[in-house]
DNA sequence: TCATCTGTAATGATAATTGTTACAGTACAA
DNA sequence: TTGTACTGTAACAATTATCATTACAGATGA
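Protein chains in written order, with the working numbering: chain C, 8 to 141; chain S, 8 to 141.
What follows is the structure, encoded as structure tokens:
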């Protein structure tokens, strides 16, 4: 995770929550994040496919939250944008070495445990709580 | 953390732990990780400056653990290689927007909490435990 | 039919990461 | 005191990840 996808997704979701019923066009969202509209649409596209957002094309279009913000957990948003392992990539070590042969398996177990611990934290927080800070 | 530094550092530390007293040259370590010796030396250099490793130049040189593995916490190793925020970067949002103006502060709080939760997990694990799996 | 907006692709630009080579300096050992 | 085996570090190239820009077909409402 050396990108800004989580920050971007949460920003989008927060704006949508605060805008209530009103549809927000991607250009307006992009203006708030200070990001290119096409990138915003790409992230919206991702969040839409996962059921977080519903959007409408054409004149007067834009997007809104598809679920009540009180039910959206930050852990879900994290999962939606997660691409690389939390603690980073692994190497492709030498299978002729005792350690090299096994380490990736042990690392994976460790990563899974670590991520679960993070998720259990994020599960306790809702989008509503977060956007309530503004 | 979209790099392999944590995996690399833990691999190095594990090899050193298992090799006990014997010094390991960087070339041997690099062979196990399947990585360039210069990169390994760079990571060793980092771990040495932080007191995890002691190394010796010249013929018969190489490196060893500087602290007993039972006292080395995985959280320490994580901190040693940590470069970017756990949940990724932030944007540089529009200060003219209510959300844009505040979000980075709220994100930072969230990131800190999330990282503490991860660290508390990694604090419970020692290098000795990890290398004991091999 | 016009203006507005989405959805997506194609492409370029920048930054992060990894790989490679080179070499001065250190230490041991014969 | 010379050769050999290492470290430590820099400089640079190559690769990959990330972000930015532009373009445009298609949807929608006025």
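Where is the CB? At the ideal position from N, CA and C, for every residue including glycine.
| said: On the CB-based measure, 16 or more other CB atoms within 10 Å of its CB, does residue 103 of chain C come out buried or exposed? | reply: By one-based count along the first chain, residue 103 of chain C stands at place 96. Exposed: under 16 other Cβ atoms inside 10 Å.
| Considering only residues of the same chain and omitting the five flanking positions on each side of residue 106 of chain S, which have a CB-CB separation below 8 Å? | Translated into positions along the second chain, residue 106 of chain S becomes position 99. Sequence-distant partners of residue 106 of chain S (beyond 5 residues in either direction) whose C-beta falls short of 8 Å from its own C-beta, in its chain, are 100.
| said: For a quick check, are the C-beta atoms of residue 129 of chain C and residue 85 of chain C less than 8 Å apart? | reply: On the first chain, residue 129 of chain C is found 122 positions in, with the first residue counted as 1. On the first chain, residue 85 of chain C is found 78 positions in, with the first residue counted as 1. In contact: residue 129 of chain C and residue 85 of chain C (Cβ atoms closer than 8 Å).
| request: Give me the Cα-Cα distance between residue 50 of chain C and residue 22 of chain C, rounded to the nearest whole angstrom. | output: Residue numbering aside, residue 50 of chain C sits at position 43 when the first chain is read from its first letter. Residue numbering aside, residue 22 of chain C sits at position 15 when the first chain is read from its first letter. Just so you know, the alpha carbons of residue 50 of chain C and residue 22 of chain C end up roughly 14 Å apart.
| CB of residue 93 of chain C within 8 Å of CB of residue 125 of chain C, strictly | The residue you call residue 93 of chain C lines up with position 86 of the first chain. The residue you call residue 125 of chain C lines up with position 118 of the first chain. It is a contact, given that the beta carbons lie within the stated cut-off.
| Per the contact definition of three or more C-beta pairs closer than 8 Å, is the region 31-50 of chain S in contact with the region 111-120 of chain C? | The region 111-120 of chain C is not in contact with the region 31-50 of chain S.
| field | residue 107 of chain S in three-state terms, based on DSSP | value | The residue you call residue 107 of chain S lines up with position 100 of the second chain. Correct three-state label for residue 107 of chain S: helix.
| Helix, strand or coil for residue 99 of chain S per DSSP? | Taking the first residue of the second chain as 1, we reach residue 99 of chain S at position 92. In the structure shown, residue 99 of chain S falls within a coil segment according to DSSP collapsed to helix, strand and coil.
| said: By the three-class DSSP mapping on this structure, what secondary structure does residue 91 of chain C have? | reply: Here residue 91 of chain C refers to the residue found at position 84 when the first chain is read from its first residue. Coil at residue 91 of chain C, not helix or strand.
| What residue ranges within the region 39-87 of chain C form continuous beta strand (DSSP E) runs of no fewer than 3 residues, ordered along the chain? | With a minimum length of 3 residues, the continuous beta strand (DSSP E) runs that stay inside the region 39-87 of chain C are 60-63, 69-72.
| Do we get a CB-CB distance below 8 Å when we pair residue 97 of chain S with the residues of chain C? | Taking the first residue of the second chain as 1, we reach residue 97 of chain S at position 90. Chain C contact via Cβ: present.
| field | Beta carbon proximity, residue 141 of chain C to chain S, threshold 8 Å | value | In the first chain, counting from the first residue as 1, residue 141 of chain C sits at position 134. Yes, contact with chain S.
| message | At the 8 Å Cβ level, is residue 12 of chain S part of the contact set with chain C, yes or no? | response | Looking up residue 12 of chain S in the second chain gives position 5. Yes - at least one Cβ of chain C is within 8 Å of the one on residue 12 of chain S.
| said: Can you find the residues in the same chain that come closer than 7 Å, C-beta to C-beta, to residue 73 of chain S, ignoring five residues on each side of it along the sequence? | reply: For the purposes of this step, residue 73 of chain S is taken as residue 66 along the second chain, with counting starting at 1. Non-local beta-carbon contacts of residue 73 of chain S in its own chain, meaning distances under 7 Å to residues more than five positions away in sequence, involve 58, 59, 60, 61 in chain order.
| Should residue 106 of chain C be flagged as near chain S, meaning a C-beta pair shorter than 8 Å? | Working through the first chain from its first residue, we reach residue 106 of chain C at position 99. With 8 Å as the cut-off, residue 106 of chain C counts as an interface residue toward chain S.
| query | For the candidate residues S:91, S:138, S:112, whose alpha-carbon lies nearest to that of residue 9 of chain C? | reply | Looking up residue 9 of chain C in the first chain gives position 2. Distances from the CA of residue 9 of chain C to each of S:91, S:138, S:112 were compared; the closest alpha carbon is that of S:91.
| task | Compute the Euclidean distance between the alpha carbons of residue 56 of chain C and residue 20 of chain C, then round it to the nearest angstrom. | result | Position 49 of the first chain, counting from 1, holds the residue named residue 56 of chain C. Position 13 of the first chain, counting from 1, holds the residue named residue 20 of chain C. Each residue's Cα considered, the two are about 14 Å apart.
| Own chain residues within Cβ distance below 6 Å of residue 97 of chain C, not counting five before or after | Locating residue 97 of chain C in the first chain gives position 90, counting from the first residue. Cβ-Cβ distances below 6 Å link residue 97 of chain C to 111, 114 in the same chain, with the five nearest sequence neighbours on each side left out; the list follows chain order.
| field | Backbone CA spacing between residue 38 of chain S and residue 137 of chain S [nearest angstrom] | value | Here residue 38 of chain S is taken as the residue at index 31 of the second chain, counted from 1. Here residue 137 of chain S is taken as the residue at index 130 of the second chain, counted from 1. When rounded, the distance between both Cα atoms is 20 Å.
| message | List, in chain order, every chain S residue whose beta-carbon is nearer than 9 Å to that of residue 60 of chain C. | response | Locating residue 60 of chain C in the first chain gives position 53, counting from the first residue. The premise fails here: residue 60 of chain C is roughly 16 Å from chain S at the closest Cβ pair, so nothing lies under 9 Å.
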